[in-house]
Amino acid sequence: MTLRLARLCRLPLRSWRAMSAPSNFNSVSSTSTSFSSSHRPSEGSGIAENPLATKVRRHQSHLPGEQPLPDANKESQSGGDDDRGGPRTLDQLQLRVLSKDEHFVVLNKGPDERMDGEFDVTLEKALARDFPDVPKFRWIHQLDFATSGVLVVGATKEATATGCRLFREKQVQKEYLAVVRGHLPFNPADSVDRSGVPAKACTFSKLGLLIQDMEEMERLRNQQRGTRTHQKMADYPRGARHGPNLFTMEQARLLRESQGGPRGELAFTKMTWHDLTQEEKDAYTEKAKEDKQRFLREFSEFLSNEKVRLARKRKYECLDPDNSEEKNEPVAYIFDAPIIEPHRSTGVFRMQVCTDTNTTAKQSTTIAFVLGHATYKGDPVTKVLLRPLNGRRHQLRLHCAHHGFPIAGDLRR
1 MTLRLARLCR LPLRSWRAMS APSNFNSVSS TSTSFSSSHR PSEGSGIAEN PLATKVRRHQ
61 SHLPGEQPLP DANKESQSGG DDDRGGPRTL DQLQLRVLSK DEHFVVLNKG PDERMDGEFD
121 VTLEKALARD FPDVPKFRWI HQLDFATSGV LVVGATKEAT ATGCRLFREK QVQKEYLAVV
181 RGHLPFNPAD SVDRSGVPAK ACTFSKLGLL IQDMEEMERL RNQQRGTRTH QKMADYPRGA
241 RHGPNLFTME QARLLRESQG GPRGELAFTK MTWHDLTQEE KDAYTEKAKE DKQRFLREFS
301 EFLSNEKVRL ARKRKYECLD PDNSEEKNEP VAYIFDAPII EPHRSTGVFR MQVCTDTNTT
361 AKQSTTIAFV LGHATYKGDP VTKVLLRPLN GRRHQLRLHC AHHGFPIAGD LRR
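When you line the sequence shown up against the UniProt record's numbering, it's residues 1 to 413, in that order.
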């Protein structure tokens with residue numbers, strides 16, 4: 001049994017073409033709060049389109065015309081769920097089922113719909129209401145409260161395990177439409193990040209190569225070991241030592257430095273690990289833990305440098321004259337800021353962007369295509385297609401905000 005999710009916002013290179021620019025911006029809005037969505041877009045656009053953009057289809061849910069663009073910097077005054085919209089009663093929550101069989105239920109989740117939890121109105125309760133013959137539904141993946149899109153739910157334990165494995169092995173591709181604040185330049189070459197460095201970019205024809213390289217970098221980071229070629233490089237970090245290794249190394253050092261030295265030092269060089277007291281062993285174990293952290297820091301820095309070397313070698317942003325299908329193919333932004341989960345003691349749920357050298361950070365990469373520019377209630381906005389190469393919590397909203405173009409309506413909580 002296999003699970004296959006349709007790529008709902010496909011961008012075949014040959015279909016990228018200029019689009020018309022009607023004046024009604026409501027036609028390009030994804031959701032009223034986050035605007036992130038996995039819906040299949042519909043024909044047309046109410047936005048000043050990228051000349052290289054694909055013909056996409058409009059969303060069925062739009063920005064409410066009577067309300068101004070939500071301010072991501074302002075929290076709601078009352079803080080209640082009603083301020084964020086969504087169904088107020090379980091009867092109002094009507095499931096939009098895209099597909100159902102004995103293994104899976106595929107839903108079109110709306111914005112401001114909770115999946116589960118101790119609330120009166122959740123998708124979990126609605127599923128139990130509409131499909132009482134299914135003993136228990138299980139989540140295969142998650143969508144944020146404010147995010148709309150395709151949600152795959154397991155109807156059996158076996159199907160859920162299969163679906164989770166496919167997501168874990170990255171055999172499921174996810175794409176989102178979003179409206180972000182500000183005018184993100186169509187061409188990444190015209191954009192710089194907050195530190196003044198030109199934005200990272202990749203041509204459409206080299207996306208496969210980029211994805212392959214990013215997956216390899218993540219694999220190396222997870223196994224905490226480089227390839228044999230990496231290990232021969234001058235800047236590859238010295239490996240971490242265990243407690244017994246550090247003990248043996250200290251014995252060797254004393255032998256070199258204490259020829260004819262005190263008897264105590266010579267006696268130490270003849271001891272074995274098992275001759276040490278537990279207190280002495282614990283001291284070496286603590287040193288080994290420190291050495292492990294040193295290696296992880298240096299290895300993270302090495303992989304960051306290796307990623308830069310690969311980018312220079314591959315030239316992701318340059319067209320390949322031999323393999324490029326079109327001369328003017330679209331170019332995507334590469335958002336690859338690492339993400340870290342705040343410590344529980346902080347009481348902060350939202351993930352945070354951090355540096356590459358943070359050993360607890362999770363590497364995250366998002367591909368972004370600019371589809372068009374517009375203004376809404378006097379505010380400049382950009383319609384983008386986002387494809388996360390990882391499934392980190394809050395990845396899209398964090399990456400967009402980190403690069404200076406936060407998703408419209410994103411509440412910073």
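All residues carry an ideal CB built from backbone N, CA and C; glycine is no exception.
Since this is a predicted model, take the numbers as computed values, not measurements.
| Check | Outcome |
| --- | --- |
| Put A53 into one of helix, strand or coil per three-state DSSP. | Note that A53 scores a pLDDT of 44, beneath 50, so its modelled location is shaky; the value from the coordinates is reported in the next line. Three-state DSSP puts A53 in coil, outside helix and strand. |
| Can you give me the Cβ contacts of Q67 inside the same chain, cut-off strictly under 7 Å, excluding the 5 residues immediately before and after it? | Caution is warranted here: a pLDDT of 43 is assigned to Q67, below 50, making its placement in the model unreliable, and the coordinate value is therefore given only provisionally. Same-chain partners within the cutoff: there are none. |
| Name the DSSP beta bridge partners of I367, please? | I334, R387 |
| Is it a yes or a no for the segment 181–189 touching the segment 203–214, going by three-plus beta-carbon pairs under 8 Å? | no |
| Run the CB neighbour count on H373, radius 10 Å, all protein chains shown included, and call it buried at 16 or more, exposed below. | buried |
| So who's on the other strand from L151, going by DSSP bridges? | L107 |
| DSSP state of R181, grouped into three classes? | strand |
| Between which residues of its own chain and H242 is the CB-CB distance below 6 Å, once the five residues before and five after are set aside? | A288 |
| Assuming K339 contacts Q293 under a Cβ cut-off of 8 Å, what Cβ separation, rounded to an integer in Å, is found between them? | Inspection of the sequence shows that residue 339 is occupied by Ile rather than by Lys. The Cβ separation is near 20 Å, so there is no contact. |
| Check whether the segment 245–254 touches the segment 264–277, counting contact only when three or more Cβ pairs, one atom from each stretch, lie closer than 8 Å. | yes |
| Using the beta-carbon count (16 or more within 10 Å), is F119 buried or exposed? | exposed |
| Just to confirm the assignment: which complete beta strand (DSSP E) runs, minimum length 3, are found wholly within the segment 192–261? | 201–203 |
| Kindly indicate the opening and closing residues of the beta strand (DSSP E) around V97. | 97–100 |
| Quick check on K352: does DSSP put it in helix, strand or coil? | Position check: residue 352 holds Gln in this sequence, whereas Lys was assumed. Residue state, collapsed to three classes: strand. |
| Rounded to whole angstroms, how far is the Cβ of T365 from the Cβ of M214, which I believe are closer than 8 Å? | 5 Å |
| Identify whether H308 lies in helix, strand or coil by the three-state DSSP scheme. | The sequence given here has Val at residue 308, not His. If DSSP states are grouped into helix, strand and coil, V308 belongs with the helices. |
| Pull up the distance between the alpha-carbon of F302 and that of L296, whole angstroms please. | 10 Å |
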